Amino acid sequence: MSRIKVAVLRGGPGDEHEISLKSGKNVIDNLSDKYIPVDVFVAKNKDWFLDGVKITAAKLFQNVDVVFNAMHGEYGEDGKVQQIFNHFGVKYTGSQALASALGMNKVLSKEIFAKNGLKTPIYKVVRKGDNLTNIDHTIFKTFPIPAIVKPGGSGSSIGVSVVKVIKDILPAIEKALKFSDVVIVEEFIQGKEATCGVAENFRNEAIYPLLPIEVIKLKEFEFFGYEAKYSGKASETCPGNFSEQEKKSLQDMAVKAHKILGLRHYSRSDFIVSLKRGVYILEVNTLPGLTKESLLPKSLEAIGCSLSNFLDHVITLALGQKPITSFDYMD
28 MSRIKVAVLR GGPGDEHEIS LKSGKNVIDN LSDKYIPVDV FVAKNKDWFL
78 DGVKITAAKL FQNVDVVFNA MHGEYGEDGK VQQIFNHFGV KYTGSQALAS
128 ALGMNKVLSK EIFAKNGLKT PIYKVVRKGD NLTNIDHTIF KTFPIPAIVK
178 PGGSGSSIGV SVVKVIKDIL PAIEKALKFS DVVIVEEFIQ GKEATCGVAE
228 NFRNEAIYPL LPIEVIKLKE FEFFGYEAKY SGKASETCPG NFSEQEKKSL
278 QDMAVKAHKI LGLRHYSRSD FIVSLKRGVY ILEVNTLPGL TKESLLPKSL
328 EAIGCSLSNF LDHVITLALG QKPITSFDYM D
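Convert by adding 27 to the 1-based position in the sequence shown; the result is the number in this note's numbering.
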């Protein structure tokens with residue numbers, strides 16, 4: 028049986044370029060011997076390179092069987108590169124173009140969550156070009172404070188701020204606008220930070236919920252932001268310290284978010300678990316990180332599934348083949 032050639036796309040133009048490089052490297056390092064990895068570097072100007080030589084998508088796709096999309100954020104996760112895959116008819120991992128765009132757009136995904144009965148914090152949208160005169164006073168008087176201010180179309184908590192006083196509101200909005208043309212001002216809900224991944228056609232379930240992770244950050248961090256995620260200054264507990272009801276809510280909501288956004292293969296949703304108010308969904312990650320520090324691999328490890336087996340499962344789904352039995356995924 029000939030080995031399967033897998034083009035691993037990593038890098039990209041977005042602010043998560045470095046994280047994507049690490050995700051892609053970890054994917055390559057964990058592919059089983061049945062695959063031949065083809066390491067494709069995507070530069071910040073969106074040029075593709077193979078072995079240091081610029082290559083076109085058309086030429087690349089003539090020589091590979093499937094694409095593993097290890098990019099995050101802009102271009103890789105917002106539906107743009109998925110349109111390229113679709114144009115050339117190549118098989119690829121992760122969600123398709125429209126679902127990727129919906130998942131990346133925090134405003135649209137919040138609207139879909141709310142319409143389908145998933146609790147999400149109240150929010151206000153600020154767009155590039157809006158008149159920002161006195162917006163700090165308006166928000167302070169009409170919106171619950173403290174609040175989270177974040178870009179409407181980026182990941183890894185880049186450009187996110189917590190505002191507690193009026194003087195911090197405008198600088199936080201201006202900071203977020205550097206990363207997205209749309210900014211979300213969101214109610215800050217005190218509670219446990221949680222995340223829960225799902226995998227399709229896994230262990231005999233159409234959408235299998237992984238164990239929810241509780242994110243425990245140092246007191247110096249107000250939320251699980253970029254530095255806390257990738258500096259090693261936070262810890263994760265899997266399974267998290269949740270009641271059975273909270274665990275079920277997290278898993279059910281992660282499955283529902285994946286389903287109503289039309290996502291594919293796998294995803295990971297982020298939540299706040301409030302003792303008094305219950306579970307709130309914050310956002311969904313259609314291509315969650317796969318670095319050694321990332322949360323999805325840790326939740327896979329907690330259920331006895333190696334990253335290598337998971338990658339095999341996802342690639343099998345992308346190829347349109349029937350995945351192997353759930354028993355075979357136990358290490």
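All C-beta atoms in this analysis are idealised placements derived from N, C-alpha and C, irrespective of residue type, glycine included.
No experiment lies behind these values; they were computed from the predicted model shown.
- By the CB criterion at 9 Å, residue 312 and residue 333 fall outside the cutoff.
- The Cβ neighbour count for residue 316, taken over all protein chains shown within 10 Å, is at least 16; the residue is labelled buried.
- Annotation for residue 128: the continuous alpha helix (DSSP H) segment containing it runs 124–131.
- Between the C-alpha atoms of residue 98 and residue 67 there is a straight-line separation of about 11 Å.
- Under the three-state reduction of DSSP output, residue 52 falls in the helix class.
- When rounded, the separation of the alpha-carbon atoms in residue 48 and residue 177 is 24 Å.
- In the structure shown, the three-state DSSP call for residue 276 is helix.
- Closest option to residue 285, judged by alpha-carbon separation, among 277, 296, 32, 168: 296.
- Residue 51 is not a Cβ neighbour of residue 30, given a cutoff of 9 Å.
- For residue 72, no beta strand (DSSP E) segment is defined, and its DSSP state is neither H nor E.
- Bounds of the beta strand (DSSP E) holding residue 297 are 293–301.
- Between residue 243 and residue 218, the alpha-carbon positions lie close to 11 Å from each other.
- Here residue 172 is actually not in contact with residue 152; their C-beta atoms are around 17 Å apart, not less than 8 Å.
- Every candidate alpha helix (DSSP H) stretch fails here, since none sits fully inside the segment 87–111 while reaching 4 residues.
- Separation of the CB atoms of residue 102 and residue 40 is rounded to 5 Å, and the pair is thereby assigned contact status at 8 Å.
- In the DSSP assignment, residue 310 falls within the beta strand (DSSP E) that extends over 305–312.
- When secondary structure is reduced to three states using DSSP, residue 341 falls in the helix class.
- Residue pairing of residue 64 in beta bridges, as defined by DSSP: 33.
- Relative to the Cα of residue 145, the nearest Cα in the group 323, 307, 344, 34 belongs to 307.
- Judged by DSSP secondary structure, residue 318 falls outside any alpha helix (DSSP H); it is assigned neither H nor E.
- Counting C-beta pairs closer than 8 Å gives fewer than three between the segment 273–293 and the segment 197–210, which falls short of the contact rule.
- Residue 136 is positioned such that its CB atom lies no closer than 9 Å to that of residue 125.
- Cα atoms of residue 87 and residue 167: separation of roughly 52 Å, rounded to the nearest angstrom.
- The shortest C-alpha to C-alpha distance from residue 267 to any of 73, 53, 238 is the one to 238.
- Apart from sequence neighbours up to five positions away, the residues of its chain that approach residue 202 with a beta-carbon distance below 7 Å are 186, 188, ordered along the chain.
- Collapsing the DSSP output to three states places residue 77 in a strand.
- Residue burial is scored here from C-beta neighbours: residue 114 has fewer than 16 other C-beta atoms within 10 angstroms and is therefore classed as exposed.
- DSSP, read as helix, strand or coil, puts residue 43 in coil.
- Between residue 241 and residue 269, the CB-CB gap stays under 9 Å.
- Around the Cβ of residue 233, a 10 Å sphere holds fewer than 16 other Cβ atoms; the residue is exposed.
- DSSP places residue 336 within a helical segment (H, G or I) once states are collapsed to three.
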